[in-house]
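One structure is given below, encoded as structure tokens.
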Amino acid sequence: MSQKLPLSYYQQTDVVHLAKDLIGKKIVSNINGKLTSGMITETEAYRGYDDKACHAHLGRFTDRTKIMYEPGGVAYVYLCYGIHHLFNIITNTNGNADAILVRAVEPIDGIKVMLDRRNKSQLDKTLTSGPGNFSKAFGLHKSHYGAHLTGDEVWIEEDGLARLRESDIITTTRIGIDYAGEDKDLPWRFYLSTSQFVSKR
DNA sequence: ATAGCGATGAGCT
DNA sequence: GCTCATCGCTATA
132 MSQKLPLSYY QQTDVVHLAK DLIGKKIVSN INGKLTSGMI TETEAYRGYD DKACHAHLGR
192 FTDRTKIMYE PGGVAYVYLC YGIHHLFNII TNTNGNADAI LVRAVEPIDG IKVMLDRRNK
252 SQLDKTLTSG PGNFSKAFGL HKSHYGAHLT GDEVWIEEDG LARLRESDII TTTRIGIDYA
312 GEDKDLPWRF YLSTSQFVSK R
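Numbering of the first sequence is given in this note's numbering, commencing with residue 132 and proceeding in unit increments.
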């Protein structure tokens, strides 16, 4: 039985490094007694202040973004396109609004629960790939805004399934941020080349 | 008070 | 590849 990653893990200061480090770790949700888990296969880093794609760019502070300024180790969940709840992990120390978007996982436990939540009958890569699909399969939504990742509803553990090679992690540009000017070309998206559960190659 | 729009996904061509 | 569902957040007034 693996242990929950401690607060100190999330409070490391390099969000890009952390986004890559999260690949291969196990994320678990336990919502209303329903347990689901999966290995993280795809992430994107959003760096507070100097990243035009980040919701906290230039210190923007609103009811939606305020949680991003908390010390690392809480969840930032927001509604995108009026439909999809996107799950992010807040990192760095107090006042530094960095976040990591979880874009895909490879299912481990609770596949039946995930299928129910997605209204699907069969397991395929769309069950948990894509940030909206992952969040829905894991039962994560806006009520988890600010949830502590050391708590009992959602957390991350050290090991996914495989001990993966550094060379299996692909580094590339982020998706859906064309509005971010030159920052759209930053190589801040990471995914596992050996997994089918990735949103886009 | 309200117009404009988005860190997407599904379905159809 | 293209369309569009769908609504809360944000900026502006």
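C-beta atoms are modelled at their ideal positions from N, C-alpha and C, and glycine is treated no differently.
- Residue Met-170 holds the alpha-carbon nearest to the alpha-carbon of Asp-152 among Gly-164, Met-170, Asn-161.
- By the Cβ neighbour-count rule, Arg-178 is buried, with 16 or more other Cβ atoms within 10 Å of its own.
- By the neighbour-count criterion, in which 16 or more other beta carbons inside 10 Å mark a residue as buried, Asp-181 falls on the exposed side.
- Within the same chain, and ignoring the five residues on either side of Ala-187 in sequence, the residues whose Cβ sits closer than 6 Å to its Cβ are Gly-179, Thr-196, Met-199, Ala-228.
- A contact between stretches requires three or more CB pairs, one per stretch, nearer than 8 Å, and the segment 200 to 209 meets this requirement with the segment 272 to 283.
- In terms of Cβ geometry, Ile-221 and Leu-149 do not form a close pair [threshold 8 Å].
- Cβ atoms of Ile-239 and Lys-157 come within 8 Å of each other, at about 7 Å.
- Counting every other CB atom within 10 Å of its CB across the protein chains shown gives Tyr-212 a total below 16, marking it as exposed.
- Rounded to whole angstroms, Leu-246 and Leu-138 show a C-alpha spacing of 31 Å.
- For Glu-175 and Val-146, the gap between their C-alpha atoms comes out near 9 Å.
- Taking 8 Å as the cut-off, the Cβ atoms of Phe-328 and Thr-224 do not count as close.
- Secondary structure of Ala-278 (DSSP, three-state): coil.
- Ala-235 sits close to Ser-330, with the two beta carbons spaced by under 8 Å.
- Considered as a whole, the segment 137 to 173 harbours 138 to 141, 146 to 152 as its complete alpha helix (DSSP H) runs of no fewer than 4 residues, in chain order.
- In this structure, the beta-carbon distance from Phe-269 to Thr-167 falls below 8 Å.
- The beta carbon of Phe-218 sits closer than 6 Å to the beta carbons of Val-208, Val-233, Ser-266, Leu-271 from its chain, once the five residues preceding and following it are set aside; these are given in chain order.
- Taken through DSSP and simplified to helix, strand or coil, Ser-260 comes out as strand.
- Per DSSP, Ile-300 is one residue of the beta strand (DSSP E) stretching across 300 to 303.
- Annotation for Glu-201: Ile-221, Asn-225, Gly-277 place their beta carbon closer than 8 Å to its own, counting only its chain and skipping 5 residues before and after.
- A distance below 8 Å between beta-carbons, with the five flanking residues on each side excluded, links Lys-135 to the following residues of its chain, in chain order: Leu-280, Thr-281, Trp-286, Ile-287, Glu-288.
- As the crow flies, the alpha-carbon of Ser-326 is around 30 Å from that of Gly-312.
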